[in-house]
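Protein chains in written order, with this note's numbering: chain A, 1 to 413; chain B, 414 to 625.
All C-beta atoms, glycine included, are put in the ideal place defined by N, C-alpha and C.
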């Protein structure tokens with residue numbers, strides 16, 4: 001197929017039927033027994049949430065890459081996006097696909113695991129081993145479902161800080177992430193000023209826009225409109241609102257791409273046929289592509305987690321948390337910031353990053369800001385973007401040098 | 414990724430001798446904002462020679478990206494519009510090297526610089542240089558030299574001035590001239606004993622250190 005998406009191999013040759021869902025058993029297995037390191041915080045060690053609930057017990061699943069140095073000064077925390085997880089740079093245990101940021105994190109990569117100790121936790125509310133709505137509610141012995149408390153970006157960051165404490169790591173050389181990961185980076189920099197030496201929020205904003213909340217609401221309504229959602233009790237019922245979640249993913253996926261990129265990849269090309277069928281099959285390649293995106297997503301993601309995590313993004317408004325003035329969130333910061341945006345990202349347009357930059361300027365913070373020209377839309381941060389790699393590699397490398405972390409390969413005798 | 418350390422900064426090109434002069438005016442370890450920092454040549458020089466805490470603003474995205482990839486703290490921005498976001502006295506030095514003549518509103522920019530920097534360094538090409546004057550007088554064409562290399566239709570310089578003009582602007586905005594150095598076409602400082610009208614005649618470029 002000529003228009004095969006180079007960035008997403010093996011996604012478009014398939015022409016899935018609408019019933020081609022895989023068994024959820026592999027996915028459900030990751031919730032209770034993830035193929036990751038897990039830290040369990042006991043009933044006496046609760047996580048206070050913004051909604052007022054104290055969550056206990058709770059678990060944090062995480063992956064690490066590289067080696068912690070003796071000074072514990074080389075820690076890079078990667079925050080994943082809405083539908084990401086902790087499997088940054090290893091094959092995914094459910095799908096078998098490469099890690100979602102293998103181009104960025106690994107030996108010799110911009111986040112060089114020969115130099116840095118990289119930690120990526122699954123967010124609280126997620127479905128890959130950290131406590132979330134699919135985890136067992138100790139009070140009932142059944143999955144939480146909608147009894148799980150509503151969480152916020154700050155709750156996610158608090159839980160990560162607890163994990164970092166538990167690992168005996170005093171502070172972080174760098175916190176980086178894109179999209180919702182970028183929101184967590186901003187929250188880290190605002191809430192734990194003394195623990196973040198450098199921060200890299202990519203393709204994000206200090207608050208979720210009305211349009212973005214609207215898209216999330218469409219996704220949630222699609223999940224909840226599926227009869228198999230069962231008011232959130234689908235695991236008890238042995239069901240799963242897969243069609244609803246697939247539709248949510250399809251709608252969301254459009255927002256991750258640009259009109260230009262869609263047109264470049266698919267145009268009006270037809271899928272395995274010479275002419276339109278005068279029916280509602282996936283005549284167009286773009287339809288087939290979206291259906292595949294929807295189907296492959298439900299194999300690895302919990303529908304209720306999708307509701308909770310989108311909600312957390314909707315609630316994010318860093319300025320509102322600091323008296324309505326974004327700059328107040330960063331008063332007195334010593335953190336070195338590097339913001340990155342993409343020209344064709346209409347989900348988190350450059351202007352949103354620029355607002356953060358201006359707030360950081362207002363407190364005379366140390367800030368770099370790079371806008372990268374690309375037609376790949378919001379998802380550009382996950383793709384092969386040499387300028388992104390040069391920016392991150394240069395910025396984090398320079399921060400590491402200033403902090404006394406030597407470049408990889410230079411072994412001090 | 415292999416990020417090469419940037420090469421040691423050297424100047425053989427006499428047109429940017431102003432950068433060495435600027436570096437001499439900045440105290441070690443100062444907080445510095447370089448507006449119009451280009452590819453970061455002055456920020457690198459200041460970091461090497463003076464150990465400053467340096468930041469930059471650059472209009473061109475290519476310049477910004479190259480600076481950040483070298484580990485410099487630079488944002489994309491416009492001197493005319495983006496200085497308002499900085500608080501008063503945020504920096505020990507606000508530096509505008511060879512940029513004021515390319516701004517839309519040099520007076521506004523200078524006022525902003527004096528607000529956010531405790532001291533301000535401005536360097537600019539002197540349109541009062543004798544060769545500029547004679548070129549216009551005898552050739553009847555827009556003058557070009559090392560510091561004014563572009564043709565009239567592709568130059569970013571829209572507000573060229575002479576040293577005399579700039580001193581008048583400093584008076585207007587209430588800036589105190591702490592130091593003013595003119596450089597001749599070979600990059601040498603003109604003698605301090607030289608009368609001012611002579612500096613305006615023989616200086617190809619000038620570097621001013623200002624304070625409020």
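### Message
Using the three-state DSSP reduction, which class does residue 355 (chain B) fall into: helix, strand or coil?
### Response
An answer regarding residue 355 (chain B) cannot be provided, because it is not within the stretch 414 to 625 covered by chain B.
Selected residue, minimal CA-CA separation from residue 587 (chain B), among B:500, B:615 and B:526: On the second chain, residue 587 (chain B) is found 174 positions in, with the first residue counted as 1. Nearest of B:500, B:615 and B:526 to residue 587 (chain B), Cα basis: B:526.
Notebook entry, point to check: Can you tell me whether residue 33 (chain A) is buried or exposed, with buried defined as 16 or more other CB within 10 angstroms of its CB?
Noted result: Position 33 of the first chain holds residue 33 (chain A). With fewer than 16 Cβ atoms within 10 Å of its Cβ, residue 33 (chain A) is classed as exposed.
Looking at residue 617 (chain B): is its Cβ nearer than 8 Å to the Cβ of residue 568 (chain B)? Indexing the second chain from 1 puts residue 617 (chain B) at position 204. Indexing the second chain from 1 puts residue 568 (chain B) at position 155. No, these two residues do not count as a Cβ contact at 8 Å.
In whole angstroms, what is the alpha-carbon distance linking residue 432 (chain A) and residue 53 (chain A)?
The requested residue 432 (chain A) does not occur in the structure, where chain A is confined to residues 1 to 413.
Exercise. Name, please, each residue of chain B whose Cβ falls closer than 7 Å to the Cβ of residue 398 (chain A).
Key: Position 398 of the first chain holds residue 398 (chain A). What residue 398 (chain A) touches in chain B: 484.
Quiz prompt | Start-to-end residues for the beta strand (DSSP E) that takes in residue 65 (chain A) | solution = The sequence position of residue 65 (chain A) within the first chain is 65, counting from 1. Start and end: 58-65.
- Message: Within 8 Å, do at least three Cβ pairs link the segment 336-343 of chain A to the segment 302-313 of chain A?
- Response: no
**Asked** Among all the DSSP beta bridges, which residues are the ones paired with residue 414 (chain A)?
**Response** Outside the shown range of chain A (1 to 413) lies residue 414 (chain A), about which nothing can therefore be said.
- prompt: So with Cβ pairs under 8 Å, would you call residue 423 (chain A) a contact of chain B?
  reply: With chain A covering 1 to 413 only, the question about residue 423 (chain A) has no answer from this structure.
Practice problem: Please list, in chain order, all residues of the same chain as residue 232 (chain A) whose beta carbon is under 7 Å from its beta carbon, the five residues on each side excluded. | Solution: By 1-based counting over the first chain, the position of residue 232 (chain A) is 232. The residues are 145, 146 and 304.
Using a C-beta cutoff of 8 Å, does residue 508 (chain B) count as contacting chain A? Position 95 of the second chain, counting from 1, holds the residue named residue 508 (chain B). No - not a single Cβ of chain A is within 8 Å of the one on residue 508 (chain B).
*Closer than 7 Å, Cβ to Cβ, to anything on chain A: give me those residues from the segment 577-602 of chain B, in chain order.*
none
- Quick one, which residues of the segment 487-515 of chain B are near chain A if we go by CB-CB under 7 Å, in chain order? 487, 488, 489, 498, 499, 500 and 503
Report the option in B:472, B:500 and B:537 whose CA atom is closest to the CA atom of residue 331 (chain A). Position 331 of the first chain, counted from the first residue, corresponds to residue 331 (chain A). Nearest C-alpha to residue 331 (chain A): B:500.
Can you tell me the Cα-Cα spacing of residue 230 (chain A) and residue 486 (chain B), whole angstroms? Start at 1 with the first residue of the first chain, and residue 230 (chain A) comes out as number 230. Start at 1 with the first residue of the second chain, and residue 486 (chain B) comes out as number 73. C-alpha separation (whole angstroms): 52 Å.
For the putative contact between residue 395 (chain A) and residue 353 (chain A), defined by C-beta atoms under 8 Å, what is the C-beta separation to the nearest angstrom? As a working mapping, residue 395 (chain A) is identified with position 395 in the first chain. As a working mapping, residue 353 (chain A) is identified with position 353 in the first chain. Contact flag wrong, Cβ pair sits at about 15 Å.
On a CA-only basis, which of B:476, B:466, B:456 and B:503 is nearest residue 371 (chain A)? Give me that one, please. Sequence index remark: in the first chain, residue 371 (chain A) carries index 371 (1-based). If we check each option's Cα against that of residue 371 (chain A), B:476 comes out closest.
>> Quick check on residue 454 (chain B): does DSSP put it in helix, strand or coil?
In response: Residue numbering aside, residue 454 (chain B) sits at position 41 when the second chain is read from its first letter. Here residue 454 (chain B) sits in helix by DSSP.
Next item on the list: Would you mind working out which of A:291, A:325 and A:255 sits nearest residue 345 (chain A), comparing C-alpha positions?
Entry: For the purposes of this step, residue 345 (chain A) is taken as the residue at position 345 of the first chain. Closest by alpha carbon: A:255.
Is the separation between the beta-carbon of residue 270 (chain A) and that of residue 284 (chain A) shorter than 8 Å?
Numbered from 1 along the first chain, position 270 holds the residue referred to as residue 270 (chain A). Numbered from 1 along the first chain, position 284 holds the residue referred to as residue 284 (chain A). Contact: yes.
Q. Cβ of residue 362 (chain A) less than 8 Å from any chain E Cβ?
A. Of the chains in the structure shown, none is chain E; the protein chains are A and B.
Problem - C-beta contact flag for residue 126 (chain A) and residue 100 (chain A) at 8 Å - result: Counting from one through the first chain, the residue named residue 126 (chain A) turns up at place 126. Counting from one through the first chain, the residue named residue 100 (chain A) turns up at place 100. No, the Cβ-Cβ distance between residue 126 (chain A) and residue 100 (chain A) is not below 8 Å.
CB contact below 8 Å: residue 391 (chain A) versus chain B:
Counting from 1 along the first chain, the entry for residue 391 (chain A) is found at position 391. Yes, residue 391 (chain A) lies at the interface with chain B (some Cβ there is under 8 Å from its Cβ).
- Message: Taking CB distances under 8 Å as the criterion, tell me whether residue 311 (chain A) reaches chain B.
- Response: The residue given as residue 311 (chain A) occupies position 311 in the first chain. Output row for residue 311 (chain A): interface = no.
| CB residue 134 (chain A) to CB residue 235 (chain A), shorter than 8 Å? | On the first chain, residue 134 (chain A) is found 134 positions in, with the first residue counted as 1. On the first chain, residue 235 (chain A) is found 235 positions in, with the first residue counted as 1. Yes, these two residues count as a Cβ contact at 8 Å.
* Asked: Rounded to the nearest angstrom, how far is the Cβ of residue 399 (chain A) from that of residue 173 (chain A), given a contact under 8 Å?
  -> Here residue 399 (chain A) corresponds to residue number 399 of the first chain, with the count starting at 1. Here residue 173 (chain A) corresponds to residue number 173 of the first chain, with the count starting at 1. Correct: roughly 7 Å between the Cβ atoms.
Practice prompt. Examine chain B for any beta-carbon lying closer than 8 Å to the beta-carbon of residue 406 (chain A), and answer yes or no.
Written response: Residue 406 (chain A) sits at position 406 when you count from the first residue of the first chain. Chain B contact via Cβ: absent.
Quiz prompt | Own chain partners of residue 116 (chain A) with C-beta closer than 6 Å, once the 5 adjacent residues on each side are dropped | solution = Here the question's residue 116 (chain A) lines up with position 116 in the first chain. Correct list, in chain order: 66, 74 and 76.
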